[in-house]
DNA sequence: ATGAAAGCGCTAACAA
DNA sequence: TTGTTAGCGCTTTCAT
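Chains as they are written, first to last, in the working numbering: chain W, -11 to 317; chain P, -11 to 317.
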């Protein structure tokens, strides 16, 4: 068993409260005493029991993170960002994966809620009202989704899609297809909205191929529809799907980017390793995680302005050397 | 604030102890009373505070998982396995990522130790003695590493390497290179050992190219050495590195598998999507996670036989259709 | 079968 | 500046 505060107190010849103070409020205790306590603690390998502390302070020092699918390389990056920032602030992180099941989210939130000071929902798929209800009872931050009156960090998809369209247009494309992700994904909705606006403004034609699973296989599945639509370029919901598109297009004997150009979103590590390397809208994924923690800590400090807190992160077109985008006509 | 056990007690017209019993030891309480308690709890949305419970039972219902690098697709799979199994057993999971820094591991273990019932160290890079010392003070399970007298789940690398060599030999290869991962990785050591044995038994020549970072870039870095060594085939520490090899070999104008055959280990999702698709030694990664949780729960039940607990998982050669392995001469 | 009381390890009033 | 006391929410003796 671990050393308790009482043992440290005895070892240092002071009361437990003094130990407590010396360790968590060093300034208010005599320097010599503090020194003695710290050494005693060290000698005994003491570290406070966070659960016991939480019981009285009402703070657990823990934070929860829920993601739809760790197998999608987007999410591990976000998790790393969350971890890094959380550790800096001396928080530990509970992680849960919903396997892309929207109905699992609320349950996980409720389970975790009691053990954490706050939760980060990354790309949650649940309906808005459900999430808003959860946010009533638990400090909550949305990452990669924007919900009014719920603290949110999200990417500027509108600008991202504008960059994408500007690039395609500069290359001479007139018709572009959109391969969407899950219906339940806010990003899908936000991106297609941005794409609509951008193509309209540029006088280009947009073909919406529909919704597909956000996996490699989803991209594969979408490819034939895209080809049939006769576009010269396609933007996919994410890089993994774009790689699926690439794969299927190649299997059908199409030349990328000669016959059709493919663009992804996310800038996952692997996207630079395909051939042709994927041109993509790069997202600062770790930054998303870090920002989410920032927001969460902020609303823990001042819960009263939780409804106002939000943060938009930039997106950046990343044209790869052996680009998947070619001039048409 | 959440409802407490006292409020439920009042609502049900019983004492707190009865509520406690009704909820965690239903048999020992009168059916009618139990019913009343359960309904009161439901009405108030009560759920016990796990921290408070843990304080007295000594069990937190939490478990910790430490991985070297979530950006390596191997680890998210393991994490998913751990999550799934943990959730079944009603455990929540703390996750930490060390960024491949062996010296960070002990610190994280110590931080998490107090908040969990047990820890899973996945592919830990720390020295054996250090880990053995940690295992003295905390219930610990090693995943993907074998340490004597510490509960371990690991893959049968020896057999995996035998399968790899048998396949290469069947294709006519006589010289094979090994591209190793971090020195600190048990898998690197175990695999090269297996490879030595298998090549010797098969009368083949093994060239050990050395140690490289377990990233795509590591594979890229190793490629030129491999080419210079004049082998006709190469086995990489993991799929990510194998993809790096593939990339660099292609850049140098070499034909894979015509000029040189490449084999990976892990069977990450992406390995089936490269071209040529990667032949690999497939590992049951989620199974590794699930088995680690199993072991952990077992030693929590019966700490006395912790030293005996271990589990070996099979490996399976996976020859991809558009394989990276060609017959030489 | 149920209630009263004690206490897990810690921090926060309140005294001194 | 330090010690004493009380109590966070829960479970678990020990009575009844």
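Cβ coordinates follow ideal geometry from the N, Cα and C atoms, glycine included.
Straight-line gap, residue 140 (chain W) to residue 243 (chain P) (C-alpha atoms, nearest Å): For the purposes of this step, residue 140 (chain W) is taken as residue 152 along the first chain, with counting starting at 1. For the purposes of this step, residue 243 (chain P) is taken as residue 255 along the second chain, with counting starting at 1. If I take the Cα positions, the gap works out to 49 Å.
Assigned exposure category for residue 220 (chain W) - 16 Cβ within 10 Å defines buried: Along the first chain, one-based indexing puts residue 220 (chain W) at 232. Classification of residue 220 (chain W): buried, given that the 10 Å Cβ count is 16 or more.
Interface flag, residue 95 (chain P) vs chain W, CB-CB below 8 Å: By 1-based counting over the second chain, the position of residue 95 (chain P) is 107. False, the Cβ-Cβ gap to chain W never drops below 8 Å.
Simplified DSSP assignment, three categories, for residue 216 (chain W): If you number the first chain from 1, residue 216 (chain W) lands on position 228. It is helical.
Cβ-based burial, residue 239 (chain W) [other Cβ within 10 Å; buried from 16]: One-based indexing of the first chain puts residue 239 (chain W) at position 251. Label assigned to residue 239 (chain W): exposed.
Selection from P:50, P:291, P:168, P:111 that minimises the alpha carbon distance to residue 82 (chain P): Within the second chain, the letter at position 94 stands for residue 82 (chain P). Ranking the options by Cα distance to residue 82 (chain P), first place goes to P:50.
Closest Cα partner of residue 156 (chain P) within the set P:278, P:285, P:277, P:252: Here residue 156 (chain P) is taken as the residue at index 168 of the second chain, counted from 1. When each option's Cα is compared against that of residue 156 (chain P), the closest is P:252.
Exposure of residue 320 (chain W), with buried meaning 16 or more beta-carbon neighbours within 10 Å: The structure shown has nothing for residue 320 (chain W), since chain W only spans -11 to 317.
Where residue 303 (chain W) falls: helix, strand or coil (DSSP): Within the first chain, residue 303 (chain W) is the residue found at index 315, counting from 1. Residue 303 (chain W) falls in the strand class under three-state DSSP.
Assigned secondary structure, residue 124 (chain W) (DSSP; H/G/I helix, E/B strand, else coil): Within the first chain, numbered from 1, the residue matching residue 124 (chain W) stands at position 136. Residue state, collapsed to three classes: helix.
Neighbouring residues, chain W, relative to residue 204 (chain P) (Cβ below 9 Å): Taking the first residue of the second chain as 1, we reach residue 204 (chain P) at position 216. Ordered by position in chain W, the residues that pass the 9 Å Cβ test against residue 204 (chain P) are 257, 258, 260, 261.
Under the three-state DSSP convention, the category residue 183 (chain W) falls into: On the first chain, residue 183 (chain W) is found 195 positions in, with the first residue counted as 1. In this structure, residue 183 (chain W) counts as helix in the three-state DSSP scheme.
Residues near residue 170 (chain W) in its chain [Cβ-Cβ closer than 8 Å; skip 5 each side]: The count along the first chain starts at 1 and reaches residue 170 (chain W) at position 182. Same-chain partners within the cutoff: 88, 113, 176, 199, 201, 202.
Spatial distance of residue -6 (chain P) from residue 3 (chain P) (CA atoms): In the second chain, counting from the first residue as 1, residue -6 (chain P) sits at position 6. In the second chain, counting from the first residue as 1, residue 3 (chain P) sits at position 15. Cα to Cα, the separation comes out at about 8 Å.
Collapsed DSSP secondary structure at residue 88 (chain W) in the structure displayed: Position 100 of the first chain, counting from 1, holds the residue named residue 88 (chain W). Three-state result, residue 88 (chain W): coil.
Spatial distance of residue 148 (chain W) from residue 270 (chain W) (CA atoms): Sequence index remark: in the first chain, residue 148 (chain W) carries index 160 (1-based). Sequence index remark: in the first chain, residue 270 (chain W) carries index 282 (1-based). Whole-angstrom Cα-Cα distance: 9 Å.
Straight-line Cα distance separating residue 65 (chain W) from residue 134 (chain P): Residue mapping note: residue 134 (chain P) aligns to position 146 of the second chain, counting from 1. Residue mapping note: residue 65 (chain W) aligns to position 77 of the first chain, counting from 1. Whole-angstrom Cα-Cα distance: 28 Å.
Chain P within 8 Å of residue 85 (chain W), Cβ atoms only: Walking along the first chain from the start, residue 85 (chain W) turns up at place 97. Judged by the 8 Å Cβ criterion, residue 85 (chain W) is in contact with chain P.
Under 7 Å by beta carbon: chain P residues contacting residue 64 (chain W): Along the first chain, one-based indexing puts residue 64 (chain W) at 76. Simply 58, 59, 64.
Secondary structure of residue 249 (chain W), DSSP reduced to three states: Translated into positions along the first chain, residue 249 (chain W) becomes position 261. Correct three-state label for residue 249 (chain W): strand.
Endpoints, alpha helix (DSSP H) assigned at residue 40 (chain W): Taking the first chain and counting its residues from 1, the one referred to as residue 40 (chain W) is at position 52. That run of the alpha helix (DSSP H) goes 38 to 45.
Cβ-based neighbour list, residue 8 (chain W), same chain, cut-off 7 Å, excluding 5 preceding and 5 following: Counting from 1 along the first chain, the entry for residue 8 (chain W) is found at position 20. Closer than 7 Å at Cβ, skipping near neighbours: -7.
Entirely enclosed alpha helix (DSSP H) segments - the region 1 to 42 of chain W, minimum 4 residues: 4 to 12, 19 to 32
8 Å Cβ cutoff, residue 67 (chain W) in contact with chain P: In the first chain, counting from the first residue as 1, residue 67 (chain W) sits at position 79. For residue 67 (chain W), the answer is yes, since a Cβ of chain P falls inside 8 Å of its Cβ.
Residue 250 (chain W) at chain P interface by Cβ criterion, 8 Å: The residue given as residue 250 (chain W) occupies position 262 in the first chain. So no, residue 250 (chain W) is outside the interface.
Limits of the unbroken beta strand (DSSP E) element including residue 165 (chain W): Your numbering for residue 165 (chain W) matches position 177 in the first chain. From DSSP, the beta strand (DSSP E) with residue 165 (chain W) extends over 163 to 168.
Beta-carbon gap between residue 266 (chain P) and residue 231 (chain P) smaller than 8 Å: Here residue 266 (chain P) corresponds to residue number 278 of the second chain, with the count starting at 1. Here residue 231 (chain P) corresponds to residue number 243 of the second chain, with the count starting at 1. Contact flag set, yes.
Three or more C-beta pairs below 8 Å linking the region 26 to 43 of chain W and the region 91 to 101 of chain W: no
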